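Student: By numbering that gives the first Met the number 0, the letter at position 190 of the sequence shown is numbered 189, and the numbering carries on one by one without gaps.
Here you go, one structure.
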Amino acid sequence: MTQRQDQRNRTRAALLDGARTILMRGEVLTVTAAAREAGISKASAYRYFSDPALLAAEAGLHLKAASYEEITRDAATLRDKLVAISLYFFDLAVANEAAFRTYLGLNLQAVAQSQDGRMPRRGARRIQAFMRALEGDKGISPEQARSIAAALGMATGAEAMIVLFDVADLSAEKARALVAETAQAICDRMLS
0 MTQRQDQRNR TRAALLDGAR TILMRGEVLT VTAAAREAGI SKASAYRYFS
50 DPALLAAEAG LHLKAASYEE ITRDAATLRD KLVAISLYFF DLAVANEAAF
100 RTYLGLNLQA VAQSQDGRMP RRGARRIQAF MRALEGDKGI SPEQARSIAA
150 ALGMATGAEA MIVLFDVADL SAEKARALVA ETAQAICDRM LS
């Protein structure tokens with residue numbers, strides 16, 4: 000991960016922490032208030048979140064995620080870690096389906112209403128987790144790691160849940176099995 004990306008992740012995390020603090024105090028959440036709470040400029044905060052509803056939705060979801068260490072605790076190999084991360088983020092989406100659908104809806108709405116057509120930045124926790132696992136392997140270049148993380152990222156999480164439930168009409172059990180199979184296949188193909 001580059002220093003710039005690392006700084007963006009820290010800024011985003013600080014804004015989410017500030018938003019959670021405000022929400023836990025029962026105060027009205029605004030982007031400006033979250034920026035003030037986090038000690039970040041208002042201009043910087045608006046680059047990450049222009050809509051307080053989107054900030055509140057992501058702050059609520061951020062609370063529920065386990066740490067990388069918890070997710071990969073029982074995984075012995077790199078492949079096992081990557082599959083564990085895939086399943087964890089799929090399971091998290093399923094367990095919080097309504098919240099993730101709301102968050103994605105708000106995110107899509109923000110894109111549609113954007114004056115410049117830019118996508119609001121999203122947390123990308125699963126990509127960060129995949130990258131963390133991959134960066135520990137000396138045989139994988141940074142470019143390869145980004146490719147593997149992207150492939151695994153598209154095959155899990157809320158977006159995969161929506162496709163597997165709404166489009167493919169799979170049960171949660173069958174969808175989870177397919178996420179595991181897909182993650183294993185990506186690992187088998189891209190790690191060799």
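Yeah, the Cβ is synthetic: ideal placement off N, Cα and C, and Gly gets one too.
Note that the coordinates shown come from a computational prediction; the quantities given were computed from them, not determined experimentally.
#1: Going by the C-beta, is residue 86 closer than 7 Å to any heavy atom of the ligand NAD?
#2: Of all the beta strand (DSSP E) runs that stay within the bounds of the region 80-110, which reach a length of 3 or more residues?
#3: Is it true that the CB of residue 132 sits closer than 8 Å to the CB of residue 71?
#4: DSSP three-state label for residue 139, please.
#5: Rounded to whole angstroms, what is the Cα-Cα separation between residue 184 and residue 160?
#6: Is the distance from the Cβ of residue 81 to the Cβ of residue 58 below 8 Å?
#7: Whose CA, out of 26, 55, 168, 17, lies closest to the CA of residue 40?
#8: Could you tell me the alpha carbon to alpha carbon distance between residue 88 and residue 13, rounded to whole angstroms?
#9: Are the region 25-32 and the region 3-12 touching by the rule of at least three beta carbon pairs closer than 8 Å?
#10: Determine the closest residue to residue 125 out of 136, 137, 145, 139, with distance taken between C-alpha atoms.
#11: Which class does residue 27 belong to by DSSP, given the choice of helix, strand or coil?
#12: Please report the distance separating the alpha-carbon of residue 107 from that of residue 50.
#13: Do you know offhand how far residue 186's Cα is from residue 147's?
#14: Would you mind sorting residue 10 into buried or exposed? The rule is 16 or more other CB atoms within 10 Å of its CB.
Tutor: Working from what's here:
#1: Of the ligands one can find in the structure shown there are none, so the ligand NAD has no counterpart to examine.
#2: Qualifying beta strand (DSSP E) stretches: none in this window.
#3: The beta carbons of residue 71 and residue 132 sit closer together than 8 Å.
#4: Residue state, collapsed to three classes: coil.
#5: If you take the alpha carbons of residue 184 and residue 160, they lie about 18 Å apart.
#6: No, the pair does not count as a contact, with Cβ atoms beyond the cut-off.
#7: Residue 40 has its Cα closest to that of 17, out of 26, 55, 168, 17.
#8: Their Cα atoms are separated by approximately 22 Å.
#9: No, the region 25-32 does not touch the region 3-12.
#10: For residue 125, the closest C-alpha among the options 136, 137, 145, 139 is that of 145.
#11: Residue 27: coil per DSSP, three-state reduction.
#12: So the two alpha carbons sit approximately 12 Å from each other.
#13: If you take the alpha carbons of residue 186 and residue 147, they lie about 8 Å apart.
#14: So residue 10 counts as buried.
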